[in-house]
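Numbering (our numbering), first residue to last: 25 to 289.
Every residue, glycine too, gets a C-beta built ideally from N, C-alpha and C.
Given the structure is predicted, the values throughout are model-derived calculations rather than measurements.
The structure appears below as C-alpha cells.
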C-alpha cells in the first residue's frame, strides 16, 4: 500500500504471497550518449513501458482490497506509456566487478505519457551516488550508496518511488514501501579473505557485511519512521572477472536470502 507506515499483517495465516500481484512489465530505452569527459557522459532519448495484469491475479489477495479502496487506481488490465528521458553518469570506479576506489553518480529524469484511454502522465527523478574506499593493504573496502527517487503527476501504483529488496533496502521484500518520494542509504564492508590459483578457475573469496536504512514520503501522511535492514554473506570472483554474491538480509519483518551475479552496487 501507499505510505511509510504500511503494516505487514501476518494474521490469519497471511503470507507474503497474499500481498503479491503477478504482472508483466516490459520497458525499453533508446538513448544517444555523449562523453563530455572520459568518465562523464550525458544521455538522452526515449523510454517506453508496457504493463499488463489479469483480474484473476488479485482475487482473494491484498490488491483486491486495495482496488476497492482506490477504485480509480487500475491494478489489472494493460497500459502503454512512452516519453522522453535524459540524464548524466559520472563513473571513476577502478573495477566494475568489485570496485576498490572511485565514485559513481547517476541521475535520470524522465517524462512518460500514456497511449490509451486513461491518458495519464508522470515525471520521475532517480538519483544515486556511490563511493568506495579500500584500506588495510587492499583487504577491506568500505562502500556507500545514497539513493533518492521522486515522482510527480499521476503515476500508476508500480511507477511510484519504491524501496525494498536487494537494490535499495535489504531485509525487506521487493517494493515493500511505496510513496511519492523515497530516500535510502546502503553501507557495505567487504573483506577479502583469500585469493587462490588454479588451472581451471583461479579467483578471490571474500565476506560482506551491510547495513541499510530508508523510507518513503506520501502526501497527507505523518511519519517519522526509518526502516533498517542488515546482514552479510560471501562473494566469489572466478577469474577475477565477475562477482557472485550470496547474502542474507534481516529486518523486523523478514529474513531473506539474496543470490546474484554482481555486487548490489
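Along the beta strand (DSSP E) that carries residue 251, what are the first and last residues, could you check?
First-last of the beta strand (DSSP E) with residue 251: 251-262.
Taking contact to mean at least 3 C-beta pairs separated by less than 8 Å, is the segment 148-160 in contact with the segment 261-280?
No: fewer than three Cβ pairs fall under 8 Å.
Give me the Cβ distance between residue 280 and residue 239, rounded to the nearest whole Å; I'm assuming they're in contact under 8 Å.
Incorrect: roughly 19 Å between the Cβ atoms, too far for contact.
Go through its chain and collect everything with a Cβ distance to residue 148's Cβ below 6 Å, but skip five positions before and after it.
The answer, listed in chain order, is 134 and 175.
Given that a residue counts as buried once 16 or more other Cβ atoms are within 10 Å of its Cβ, and exposed if not, what is residue 120?
Answer is exposed; the Cβ neighbour count stays below 16.
Quick one: is residue 136 buried, meaning 16 or more other Cβ sit within 10 Å of its Cβ, or exposed?
With 16 or more Cβ atoms within 10 Å of its Cβ, residue 136 is classed as buried.
With DSSP as the reference, identify every bridge partner of residue 286, one or two as the case may be.
None, per the DSSP bridge assignment.
So, at 7 Å on beta carbons, what are the nonlocal neighbours of residue 274 in its own chain, with the 5 sequence-adjacent residues on each side left out?
Contacts found: 195, 253, 254 and 255.
Looking only at its own chain, which residues have a Cβ that is under 6 Å from the Cβ of residue 49, when we skip the five neighbours before and after it?
Cβ within range, chain order: 75.
Do you know offhand how far residue 32's Cα is from residue 222's?
Looking at the two C-alpha atoms, the distance is approximately 48 Å.
Does the segment 164-179 come into contact with the segment 199-215, if we say contact requires no fewer than three beta-carbon pairs (one atom in each stretch) closer than 8 Å?
Yes, they touch.
Quick check: what's the CA-CA separation for residue 241 versus residue 247?
If I take the Cα positions, the gap works out to 8 Å.
Pick from 218, 81, 200 and 257: whose alpha carbon is nearest that of residue 212?
Of the listed residues, the one whose Cα sits closest to residue 212 is 257.
For residue 55, does the three-state DSSP call read helix, strand or coil?
Residue 55: strand per DSSP, three-state reduction.
In this structure, does DSSP put residue 90 in helix, strand or coil?
It is helical.
Would you kindly work out how many angstroms separate the C-alpha atoms of residue 94 and residue 112, rounded to a whole number?
Computed Cα separation, rounded: 36 Å.
So, helix, strand or coil for residue 223, using DSSP?
Note: residue 223 maps to coil in three-state DSSP.
With DSSP run on the structure shown, which of helix, strand or coil describes residue 41?
If DSSP states are grouped into helix, strand and coil, residue 41 belongs with the helices.
From what residue to what residue does the beta strand (DSSP E) around residue 147 run?
145-159 is the extent of the beta strand (DSSP E) around residue 147.
With DSSP collapsed to three states, give me the class of residue 36.
Residue 36 falls in the helix class under three-state DSSP.
Per DSSP, what are the beta-bridge partners of residue 216 in this structure?
Beta-bridge pairing links residue 216 to 230.
Assign residue 236 to one of two classes, buried (16 or more other C-beta atoms within 10 Å of its C-beta) or exposed (fewer than that).
The residue in question, residue 236, is buried, as its Cβ has 16 or more Cβ neighbours within 10 Å.
Would you report the Cα separation of residue 125 and residue 276, rounded to the nearest angstrom?
If you take the alpha carbons of residue 125 and residue 276, they lie about 33 Å apart.
Using the Cβ count rule (16 or more neighbours within 10 Å means buried), how would you classify residue 92?
With fewer than 16 other Cβ atoms within 10 Å, it is exposed.
For a test of the three-state rule: what should DSSP assign to residue 71, helix, strand or coil?
Reduced to three states, the DSSP call for residue 71 is strand.
Given this structure, state the Cα-to-Cα distance separating residue 41 from residue 87, to the nearest angstrom.
Cα to Cα, residue 41 sits roughly 11 Å from residue 87.
Taking 8 Å as the line, does the beta carbon of residue 104 fall inside it for any heavy atom of the ligand MG?
No copy of the ligand MG occurs in the structure displayed, which carries no ligand at all.
Label residue 185 either buried or exposed according to how many other C-beta atoms from any shown protein chain fall within 10 Å of its C-beta, with 16 as the threshold for buried.
So residue 185 ends up on the buried side.
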